[in-house]
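Undergrad: Input: one structure, supplied below.
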Amino acid sequence: MLGLMMHWPLMISSLIRHADQCHGEAEIVSRTVEGPIHRYTYRDAHARARRLANALIRLGVTPGERVATLAWNGYRHFELYYGVSGIGAVIHTVNPRLFHDQLTHIINHAGDRLVFFDLTFLSLVEKLAPSCPAVTTWIAMTERAHMPDSSLQLLCYEELLAAERDDYAWPEFDEETAAGLCYTSGTTGHPKGVLFSHRSTLLHAMAVCLPDAKGYSAQSVILPIVPMFHVNAWGVPYSAPLVGAKIVFPGAGLDGKSLYELFESERVESSAGVPTVWLGLIQYMKQNKLQFSTLKRTTIGGSACPPAMMRTLRDDFGITVAHGWGMTEMSPVGTIGSPKAKHRDLSAEELMALSLTQGRPLYGVEMKIVDGEGRDLPRDGVATGNVMVKGPWVMRDYFKNDQSSPLSADGWFPTGDVGSIDPDGYLQITDRSKDVIKSGGEWISSIELENVAIGHPAVLEAAVISVFHPKWNERPLLLVVKKPNMNLSRDEMLKFYEGKIAKWSTPDDVVFVDELPHTATGKLSKKVLRESYRNYCLPTG
Ligand code: AMP
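Printed below as a string of structure tokens:
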């Protein structure tokens, strides 16, 4: 027998409608690319998202069609989150930090026809356009007065909206309909697309608001530093309207000074970002002997939060860090750290040790660890294994995947991370099975760098490993075995990367060695290399 409750599909548009009806006066503040601070309300945002919906339909956007953005965290990007998914199309948030070939690959793979971009990315889109023949319409997210001269025929975002009425009624459709697309760059091959649904987005948004997760409410003032082009800014653009929180968007101003000014002027009390951005902010504040007057807590994730950073934030600035773990394939949040009632009497140091774990799964994420043969391992905080996850906001397959499903035979998603789970559910990530280098919030593929090096005529063999860097946390170090009787200098090797990869992913240093260690199956043993070069000092550090 079925229950007799209403069928009310979980639509993303319901979030902005709710925010308009119940929190219409709550503010959305943005540092714009054009310069000034822009402020308006959820009510204004909702009206403009409806105008945008009408504009998209006039431009011929159909249900299921992917619409791309190349944009910072800002109010127009927020409107696109709602306007695009609200009409049944899919917002494809493109990470502008990817290398040219990756960008053209994902725009073409997604089949984007419309690309909305912030002015910052004008020269980027001009370079991309010749390799993206399916894109017919490039829309500059600005008003007429700031429209740039361009070799491309551009449309003006504000003109599109001005030509429309705001009387659009959001349609209801199947909650499993695709709503967002985000590509993740793995260790091998091209970036892969993760396709979120309305249902997965809504359930994730609700879960991350819970008090033991990010604890958002109508009293919150949230500044998401994590970009809207990186897994939907960890869900903030959906969670904030759900509870009626004020949002403060930092735009392109991610340096310590710009962030600090915005934190203070807008009385921000909650934030979210990767460790690297906090490093810049902490440095700026220490140099200028500054304190936060309203900021109380932040979520840090994307890579492990260094203990020293968590201590500094707690001891010097009075900030509680909620350490979170997840991945694009998980929408992204899987776990967040917060203590339980039984931890009330722990000492400050014991609490710190707890905070340094990656936290506990949110309700909605099931998690286990398995050994190399896929057998379940105990949740004793000691055994380490491959972390496997399940849940309504965990991906079941990549977009247009031409390979086999990534899921295990019994339906779990293998995260590629290795860790332990203790009896209270706290996850400790000990390693990652991938050898990717996490530089700031970005991934650098070691294999891609090795392939370039091996392309040099004087190189016999090459390996790239991550080495600690004080600013970026990790940077690539290249180890090279030269061919017999060949000459090659460090500078010649690094110059060889020019034009072949994104400049920022070039290795920071080169070490010439006589031979490289290998595993029993003839593969490079990165583990041994990482151990050997654990204390290596990079010239850039
Ligand atoms: P992405 O899909 O780009 O968000 O990257 C996901 C990956 O980042 C995970 O599979 C982990 O390897 C890593 N990661 C995310 N959060 C953490 C964390 N708190 N500690 C350690 N690694 C993390």
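In this note's numbering, the protein residues as written are 1151 to 1691.
Glycine included, every Cβ here is placed at the ideal spot set by N, Cα and C.
I need the DSSP call for residue 1252, collapsed to helix, strand or coil.
TA: helix
Undergrad: Tell me the residue span of the alpha helix (DSSP H) that contains residue 1269.
TA: First-last for residue 1269: undefined, no H or E at that position.
Undergrad: With a Cβ-Cβ cutoff of 9 Å, do residue 1304 and residue 1220 count as a contact?
TA: no
Undergrad: Which value, in whole angstroms, describes the spacing of the CA atoms of residue 1505 and residue 1648?
TA: Using only the alpha carbons, I get a separation of about 41 Å.
Undergrad: Could you tell me which residues DSSP puts in a beta bridge with residue 1578?
TA: 1570
Undergrad: For a test of your reading of the model: does the CB of residue 1459 fall under 8 Å from any non-hydrogen atom of ligand 1? Yes or no.
TA: no
Undergrad: Take the Cβ of residue 1576 as the centre, count every other Cβ of all protein chains shown within 10 Å, and call the residue buried at 16 or more, exposed below.
TA: Within 10 angstroms of the beta-carbon of residue 1576 lie 16 or more other beta-carbons, which makes it buried.
Undergrad: Ligand 1 heavy atoms versus the CB of residue 1477: any closer than 8 Å?
TA: yes
Undergrad: Using beta carbons (cut-off 9 Å, strictly below), is residue 1286 in contact with chain B?
TA: Absence of chain B from the displayed structure is noted, only one protein chain being present.
Undergrad: Using a 10 Å radius around the Cβ and a threshold of 16 neighbouring Cβ atoms, would you call residue 1551 buried or exposed?
TA: exposed
Undergrad: Quick one: is the Cβ of residue 1453 within less than 8 Å of any heavy atom of ligand 1?
TA: For residue 1453, the distance from the CB to the nearest heavy atom of ligand 1 is below 8 Å.
Undergrad: Since residue 1238 and residue 1159 are thought to touch, with beta carbons under 8 Å apart, how far apart are those beta carbons, to the nearest angstrom?
TA: Not really, about 12 Å apart at Cβ, beyond 8 Å.
Undergrad: From 1423, 1399 and 1440, pick the residue whose C-alpha is nearest to that of residue 1116; which is it?
TA: In the structure as shown, the chain starts at 1151 and stops at 1691, and residue 1116 therefore has no counterpart that could be examined.
Undergrad: Using the Cβ count rule (16 or more neighbours within 10 Å means buried), how would you classify residue 1356?
TA: buried
Undergrad: For the beta strand (DSSP E) that contains residue 1470, what are its first and last residues?
TA: 1470 to 1476
Undergrad: Quick check: is any heavy atom of ligand 1 less than 8 Å from the C-beta of residue 1473?
TA: Under cutoff, so the answer is yes.
Undergrad: Which residues in the same chain have their Cβ closer than 7 Å to the Cβ of residue 1244, if we skip the five residues on either side of it in sequence?
TA: Closer than 7 Å at Cβ, skipping near neighbours: 1218, 1219, 1220, 1253, 1256, 1257 and 1379.
Undergrad: Taking the DSSP output, what are the residues bridged to residue 1240?
TA: 1216
Undergrad: Using CA coordinates, which residue listed in 1185, 1342, 1690 and 1685 is at the minimum distance from residue 1403?
TA: Checking every option, the nearest Cα to that of residue 1403 belongs to 1185.
Undergrad: Output needed for residue 1767: all residues of its chain with C-beta closer than 7 Å, excluding positions within five of it in sequence on either side, in chain order.
TA: The chain is shown only over 1151 to 1691; residue 1767 falls outside these bounds and no answer can be derived.
Undergrad: Could you tell me which residues DSSP puts in a beta bridge with residue 1378?
TA: Per DSSP, residue 1378 has no beta-bridge partner at all.
Undergrad: Would you check if the segment 1462 to 1477 and the segment 1485 to 1502 touch, i.e. whether three or more CB-CB distances between them fall below 8 Å?
TA: yes
Undergrad: Under the DSSP definition of a beta bridge, which residues are partnered with residue 1333?
TA: 1343
Undergrad: Compare the C-alpha of residue 1212 against each of 1200, 1223, 1196 and 1234 and name the closest.
TA: The shortest Cα separation from residue 1212 among 1200, 1223, 1196 and 1234 belongs to 1234.
Undergrad: Does DSSP put residue 1670 in a helix, a strand or coil?
TA: With a pLDDT of 40 at residue 1670, under the threshold of 50, the modelled position of this residue cannot be trusted, and the question is left open.
Undergrad: Determine the closest residue to residue 1629 out of 1261, 1617 and 1282, with distance taken between C-alpha atoms.
TA: 1617
Undergrad: Going by alpha carbons, who is nearest to residue 1265 out of 1689, 1631, 1251 and 1284?
TA: 1284
Undergrad: Whose C-alpha, out of 1678, 1464, 1247 and 1573, is nearest the C-alpha of residue 1518?
TA: Ranking the options by Cα distance to residue 1518, first place goes to 1573.
Undergrad: Let me know the secondary structure DSSP gives residue 1507 once reduced to three states.
TA: coil
Undergrad: Could you tell me the distance, in whole angstroms, from the CA atom of residue 1342 to the CA atom of residue 1545?
TA: 12 Å
Undergrad: Return the first residue and the last residue of the beta strand (DSSP E) that residue 1281 is part of.
TA: Here residue 1281 belongs to no beta strand (DSSP E), and DSSP marks it neither H nor E.
Undergrad: Rounded to a whole number of angstroms, what is the C-alpha to C-alpha distance between residue 1348 and residue 1327?
TA: 6 Å
Undergrad: Measure from the alpha carbon of residue 1371 to the alpha carbon of each residue in 1325, 1443 and 1323, then state which is nearest.
TA: 1443
Undergrad: Do residue 1314 and residue 1208 count as a contact pair if the criterion is CB distance below 9 Å?
TA: yes
Undergrad: Based on Cα-Cα distance, which residue from 1690, 1597, 1619 and 1438 lies nearest to residue 1676?
TA: 1597
Undergrad: How many Å lie between residue 1651 and residue 1249 at the Cα?
TA: 6 Å
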